[in-house]
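S.K.: First, the structure itself, so that you have it in front of you.
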Amino acid sequence: MVRLSPESLQIDAEKVSGRLEKLLASFFKASGSRGVVVGVSGGLDSSTVLTLTVRALGAERVYAVTMPERNVSNPEDVKDAEELAGRLGVKFFKAEIAPVVEALEQAIPVFNRGETLAWANLKPRIRMVILYYFANRFNLLVAGAGNRTEILMGYFTKFGDGAADFLPLGGLYKTQVRQLASHLGIPRKILDKTPTAGLWPGQTDEAELGIKYETLDLILHGLVDLGLSVGEVANLLGVEASLVGRVKSTVEEAAHKRRMAPILSPF
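When we follow the numbering used here, the leftmost residue of the sequence shown carries the number 15, and every step to the right adds one.
Given below as structure tokens:
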């Protein structure tokens with residue numbers, strides 16, 4: 015009998031950590047790169063990626079870059095990112111993106127802050143430009159911090175935080191990342207934070223998604239991994255079928271964000 019409960023997504027965090035570290039080390043060795051750069055926000059996902067990377071490759075091969083935006087990013091998050099980088103012994107850099115955002119506001123003829131989505135999406139793209147500068151400058155791989163929940167829901171900026179050379183958390187749902195982070199010893203103040211992309215003051219993931227990660231992950235597991243119908247998932251979880259249907263539609267609509275651009279060949 016199929017069941018959907020928090021236990022359905024329990025992982026053996028020690029085993030998962032070991033496998034990811036081996037995969038990361040193997041991928042890195044085959045790449046011929048000198049190291050890895052991680053964009054760190056002080057949040058759960060990037061902190062977990064940074065820690066995994068250090069365990070797999072050693073601190074001497076890892077660069078951590080925090081890219082806050084003045085008057086938008088929480089100073090405590092920046093502090094947490096710097097403290098974790100210091101504890102892990104990696105190279106740490108801070109790049110303030112507000113001047114770049116302001117320069118683009120002036121440079122783009124049709125710029126309009128009222129178009130919130132277009133304006134907000136500039137920021138992850140600016141951050142990815144900075145990370146790939148580090149990658150080019152020092153022959154590094156860019157480690158992405160996206161998890162399976164975000165990838166399936168399309169909850170990332172195309173060619174922004176969705177751009178990376180590898181995604182060590184891409185096979186784990188958000189609630190599973192939390193389990194892994196706890197095993198890795200990520201500080202409690204980071205574990206307990208409300209997830210946010212930090213695109214504007216007060217923004218949170220769950221407010222934007224309209225659903226808590228604990229419920230969303232189980233819906234995705236039922237629909238995608240188990241191949242259940244909308245009705246079956248709704249019945250198993252005791253939620254409205256309309257909610258499950260909305261999640262299913264979002265996954266389908268976000269498919270283009272999970273694919274390379276189509277090649278329109280005339281041959």
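Backbone N, C-alpha and C fix where the C-beta goes; we use that ideal spot for every residue, glycine too. These numbers were taken from a predicted model, which means no experiment stands behind them.
Return the CA-CA distance between V68 and V104, expressed in angstroms with no decimal places.
M.R.: For this step, residue 68 is matched to residue 54 along the sequence shown. For this step, residue 104 is matched to residue 90 along the sequence shown. Going by the C-alpha atoms only, they are around 8 Å apart.
S.K.: Reducing DSSP to helix, strand and coil, say where K226 ends up.
M.R.: Here residue 226 refers to the residue found at position 212 of the sequence shown. Coil.
S.K.: Taking Cβ to Cβ, would you say K203 is nearer than 8 Å to D94?
M.R.: As a working note, residue 203 is residue 189 in the sequence shown. As a working note, residue 94 is residue 80 in the sequence shown. Yes.
S.K.: Is the Cβ-Cβ distance between L155 and V244 less than 8 Å?
M.R.: If you number the sequence shown from 1, residue 155 lands on position 141. If you number the sequence shown from 1, residue 244 lands on position 230. No, Cβ-Cβ distance for L155 and V244 is not below 8 Å.
S.K.: Taking the runs of the alpha helix (DSSP H) that are 4 residues or longer, which of them lie wholly in the stretch 121–171?
M.R.: Taking only runs of at least 4 residues, the alpha helix (DSSP H) segments lying wholly in the stretch 121–171 are 130–152, 162–167.
S.K.: Could you pull out every residue in the same chain whose Cβ sits closer than 7 Å to the Cβ of W133, ignoring the five residues on either side in sequence?
M.R.: One-based indexing of the sequence shown puts residue 133 at position 119. Contacts found: R127.
S.K.: Distance, Cα to Cα, A121 vs R48?
M.R.: Reading the sequence shown from its first residue, position 107 is the one you call residue 121. Reading the sequence shown from its first residue, position 34 is the one you call residue 48. Answer to the nearest angstrom: the Cα atoms are 35 Å apart.
S.K.: Here's the rule: buried if 16 or more other CB atoms are within 10 angstroms of the residue's CB, otherwise exposed. What is K29?
M.R.: Counting from 1 along the sequence shown, the entry for residue 29 is found at position 15. K29 should be labelled exposed.
S.K.: Does the pairing of the stretch 170–186 with the stretch 77–91 give three or more beta-carbon distances under 8 Å?
M.R.: The stretch 170–186 vs the stretch 77–91: no contact.
S.K.: From the DSSP output, which residues share a beta bridge with Y77?
M.R.: Counting from 1 along the sequence shown, the entry for residue 77 is found at position 63. DSSP, once it has assigned bridges, lists V51, K105 as partnering Y77.
S.K.: Could you work out which residue in S60, I25, G72 is closest to K36 when comparing CA atoms only?
M.R.: Indexing the sequence shown from 1 puts residue 36 at position 22. The residue with the shortest Cα to Cα distance from K36 is G72.
S.K.: Is the distance from the Cβ of T163 to the Cβ of L242 below 8 Å?
M.R.: One-based indexing of the sequence shown puts residue 163 at position 149. One-based indexing of the sequence shown puts residue 242 at position 228. No; because the gap between Cβ atoms is not below 8 Å, this pair is not in contact.
S.K.: Which word fits E83, buried or exposed, when buried means at least 16 other C-beta atoms lie within 10 angstroms of its C-beta?
M.R.: Mapped onto the sequence shown, residue 83 falls at position 69. Buried: at least 16 other Cβ atoms inside 10 Å.
S.K.: Considering just the uninterrupted stretch of the alpha helix (DSSP H) at E258, what are its terminal residues?
M.R.: What you label residue 258 is simply residue 244 of the sequence shown in a count that begins at 1. For the record, residue 258 in the displayed sequence is Val; it is not Glu. 255–267 is the extent of the alpha helix (DSSP H) around V258.
S.K.: According to DSSP, is F281 helix, strand or coil?
M.R.: As a position in the sequence shown, residue 281 is number 267, starting the count at 1. In the structure shown, F281 sits in coil (DSSP, three-state: anything other than H, G, I, E or B).
S.K.: By alpha-carbon positions, which one of L58, I25, L213, P20 ends up nearest to V115?
M.R.: Position 101 of the sequence shown, counting from 1, holds the residue named residue 115. Of the listed residues, the one whose Cα sits closest to V115 is L213.
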